[in-house]
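Asker:
There are 2 protein chains.
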Amino acid sequence: MPTTSHSGDVPARSKRADALRNQQTLLAAAAAVFVTSGVDAPIREIAARAGVGMGTIYRHFPTRADLVIAVYRHQVEACAEAGPSLLASADSPLAALRQWVDLFVDFLVTKHGLANALQSDSSGFDALHTYFLDRLVPVCAQLLDAAVNAGEIRPGTHAYELMRGIGNLCIGRDSDSRYDPRRLVELLLQGLQRPQSS
Amino acid sequence: MPTTSHSGDVPARSKRADALRNQQTLLAAAAAVFVTSGVDAPIREIAARAGVGMGTIYRHFPTRADLVIAVYRHQVEACAEAGPSLLASADSPLAALRQWVDLFVDFLVTKHGLANALQSDSSGFDALHTYFLDRLVPVCAQLLDAAVNAGEIRPGTHAYELMRGIGNLCIGRDSDSRYDPRRLVELLLQGLQRPQSS
DNA sequence: GGACAAGCGGAACACTGCTCCGTATAGTTA
DNA sequence: TAACTATACGGAGCAGTGTTCCGCTTGTCC
Numbered sequence: 018m019p020t021t022s023h024s025g026d027v028p029a030r031s032k033r034a035d036a037l038r039n040q041q042t043l044l045a046a047a048a049a050v051f052v053t054s055g056v057d058a059p060i061r062e063i064a065a066r067a068g069v070g071m072g073t074i075y076r077h078f079p080t081r082a083d084l085v086i087a088v089y090r091h092q093v094e095a096c097a098e099a100g101p102s103l104l105a106s107a108d109s110p111l112a113a114l115r116q117w118v119d120l121f122v123d124f125l126v127t128k129h130g131l132a133n134a135l136q137s138d139s140s141g142f143d144a145l146h147t148y149f150l151d152r153l154v155p156v157c158a159q160l161l162d163a164a165v166n167a168g169e170i171r172p173g174t175h176a177y178e179l180m181r182g183i184g185n186l187c188i189g190r191d192s193d194s195r196y197d198p199r200r201l202v203e204l205l206l207q208g209l210q211r212p213q214s215s
Numbered sequence: 018m019p020t021t022s023h024s025g026d027v028p029a030r031s032k033r034a035d036a037l038r039n040q041q042t043l044l045a046a047a048a049a050v051f052v053t054s055g056v057d058a059p060i061r062e063i064a065a066r067a068g069v070g071m072g073t074i075y076r077h078f079p080t081r082a083d084l085v086i087a088v089y090r091h092q093v094e095a096c097a098e099a100g101p102s103l104l105a106s107a108d109s110p111l112a113a114l115r116q117w118v119d120l121f122v123d124f125l126v127t128k129h130g131l132a133n134a135l136q137s138d139s140s141g142f143d144a145l146h147t148y149f150l151d152r153l154v155p156v157c158a159q160l161l162d163a164a165v166n167a168g169e170i171r172p173g174t175h176a177y178e179l180m181r182g183i184g185n186l187c188i189g190r191d192s193d194s195r196y197d198p199r200r201l202v203e204l205l206l207q208g209l210q211r212p213q214s215s
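Chains as they are written, first to last, in my numbering: chain A, 18 to 215; chain B, 18 to 215.
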C-alpha cells in the first residue's frame, strides 16, 4: 500500500527543494488569507500572497478542498484524538460527547466559511466533505455508542447524521448576535438525551 | 405609505401590457428552471428559457432574491397563514408547532438550494433572508409562545434562532440517504420540550 | 559545466453576474 | 390613421473567478 502522503504535513521526500519550499509558503499564505477572506478566497489572492503563480497552487493542491484540508489537518487531527481521551477523562460518556462537540463547534465557527464549504453540494469540496467525515465520524460514533451504552442517550442516531447536523447549524454570518449555533447544538444534544422517565 | 407592491403577485397597474406579460413569463420560466437547476441557476438560463434578454430580468427583478421571493411568495404566504389555523385546530400548541415546522421543512427541502440561499452570507440574498424572516418569524413566535404558555416546552428559545436553525438543518444534497433533515429537526424539537420531571 | 526532468508563471479560455445604451413598440394624442 | 414619446427590450460588453496549458527557468545529478 503506497501511503499516498496526502499532500500536506511532513511532505513526501524526493521532491525538488524549491517545490517543498513553495508548498510550505503556500500553506502559510493560504492560512493567512483564510483568516481574513474565508476559505472561499480567490485562488489568485492566495497565489499573490504567496508570491507564486496560479499554476503552482493547482500543481500542489489540485482542488480547493485539498488546500483547505492541508491547512487544517493538524486541527482536525487534534479533534479526532481528543475523542478517546475525553472519553477517558470525562465524568460520563455524555459529558465527553458534549465536550467533544464543543471542540468541533469551536473549530467550525472560528474558520470563516468552513462550515459552509463542508455542506456545499456543488463545487469541488467533495474531498473536504469526505476527509472530515472519514476522520471524525468514527470518533463521534465511538462517543455516541458509549453514551448509548451508558443509557444516557437514546439509540438510533447515526454519527454521520449528527455531525452533518451540527455542521449545518454552524453555518451562517458569524456576526449575528441573534443566532448562536451553540445554543442550537445544545438543543440538539438535549433532544438526544433519552426522555427522563417520560 | 406607498405600498411598494413587492414586484410579484397581482402586479401594479399602469405598466405596459408587454411588461406585464414578460413578468409572468419570467416567473413561470424561473419556477421551471429553479426546479431543475436550483435557485442558483445562471440568470442567462432563465432569460433564455423565458425568451427574453437579461436586461429584462434585471429590470423586473433587480436582484436574484427578488425573483426567488416572487416565485415562492404564494407558498410562503400559505405557510404563514397555516400558523394560526393549526394553532386553532391541533390538539395542543406543541402539536401545532410540530405540524407547522413540518410544513416549513417540506417547503425548504423541495426547493433545491433554497435553504442554502437563505443562509448564504455573501451575495445579494439579503432581501430573501429578510423577507422570509419578517413573514415567518412572527408566526413561529406565536406558536412557540403558545407552547411555552401551555407548559409544553421550556421558555428561552427565540423564534428567529429556531427558524434559522431549522433552515440550516435543511441544507444539503437532497439525495443523501444517510442525512434526513427531518430527523434532526425532530431532535431539535425534542430538545425544546421541557425535561419531563427531571 | 552540461543535460534534462521537475517545477514555475501567467496568459488565455470558460463561465457568470451585472450594466448600459441603441432600438423597438405600446399607448396616446391630434 | 399617423405621428410621437415614454416605456420597455435585447444583448454586447465589462469585471471577477476558476481552471488549463505550455514555453521558460531552475534544481539536481553525472
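All C-beta atoms in this analysis are idealised placements derived from N, C-alpha and C, irrespective of residue type, glycine included.
Can you find a CB in chain B that lies within less than 7 Å of the CB of Gln207 (chain A)?
Answerer: Judged by the 7 Å Cβ criterion, Gln207 (chain A) is in contact with chain B.
Asker: DSSP state of Ile188 (chain B), grouped into three classes?
Answerer: Three-state result, Ile188 (chain B): coil.
Asker: Pick from B:Arg38, B:Val50, B:Leu103: whose alpha carbon is nearest that of Val85 (chain B)?
Answerer: Per the Cα distances, B:Val50.
Asker: Ala97 (chain B) and Val56 (chain B) look like a contact to me (Cβ under 8 Å); what is the Cβ gap, rounded to whole Å?
Answerer: With 8 Å as the limit, Ala97 (chain B) and Val56 (chain B) do not qualify as a contact, their Cβ atoms being about 20 Å apart.
Asker: What are the start and end residues of the alpha helix (DSSP H) that includes Glu169 (chain A)?
Answerer: It is not in any alpha helix (DSSP H) - Glu169 (chain A) carries neither H nor E in the DSSP assignment.
Asker: Anything in chain A within Cβ reach of Gly103 (chain B), meaning under 8 Å, just list it in chain order.
Answerer: Just to set this straight, residue 103 (chain B) is Leu in the shown sequence, not Gly. Here the premise fails: no neighbours, minimum Cβ distance about 21 Å.
Asker: Under 8 Å by Cβ, that's how I've got Gly100 (chain B) and Leu160 (chain B) pegged, so tell me the actual separation to the nearest angstrom.
Answerer: Right, their Cβ atoms sit about 6 Å apart.
Asker: Shortest alpha-carbon distance to His91 (chain B) belongs to which of B:Asn166, B:Phe149, B:Gln116, B:Ser109?
Answerer: Per the Cα distances, B:Phe149.
Asker: Quick one: is Thr147 (chain A) buried, meaning 16 or more other Cβ sit within 10 Å of its Cβ, or exposed?
Answerer: Under this definition Thr147 (chain A) is an exposed residue.
Asker: Compare the C-beta of Gln136 (chain B) against all C-beta atoms of chain A and say whether one is closer than 7 Å.
Answerer: Interface residue, yes.
Asker: In the DSSP output, what is Gln159 (chain B) paired with across the bridge?
Answerer: None; Gln159 (chain B) has no bridge partner.
Asker: Mind checking who Gln210 (chain B) pairs with in its DSSP beta bridge?
Answerer: Gln210 (chain B) pairs with B:Ile170.
Asker: Can you give, in chain order, each stretch of the alpha helix (DSSP H) that sits fully within the stretch 102-138 of chain B and has at least 4 residues?
Answerer: Within the stretch 102-138 of chain B, the complete alpha helix (DSSP H) runs of at least 4 residues are 110-127, 131-136.
Asker: Under the assumption that Val122 (chain B) contacts Ile183 (chain B) (Cβ atoms under 8 Å), give the Cβ distance between them as a whole number of angstroms.
Answerer: The pair is a contact, with the Cβ atoms about 7 Å apart (cut-off 8 Å).
Asker: Trp117 (chain A) and Leu103 (chain A) - do their beta-carbons sit closer together than 7 Å?
Answerer: Yes, these two residues count as a Cβ contact at 7 Å.
Asker: In three-state terms, what does DSSP make of Pro28 (chain A)?
Answerer: Bear in mind that a pLDDT of 47 at Pro28 (chain A), under 50, signals an unreliable position, so the number given afterwards is only what the model happens to contain. Pro28 (chain A) falls in the coil class under three-state DSSP.
Asker: Given that Arg211 (chain B) touches chain A, what residues does it touch there, using C-beta distances under 8 Å?
Answerer: Neighbours of Arg211 (chain B) on chain A: none; closest Cβ ~10 Å, over 8 Å.
Asker: Which residues in the same chain have their Cβ closer than 8 Å to the Cβ of Ala65 (chain B), if we skip the five residues on either side of it in sequence?
Answerer: Excluding residues within five positions, none has a Cβ falling inside 8 Å.
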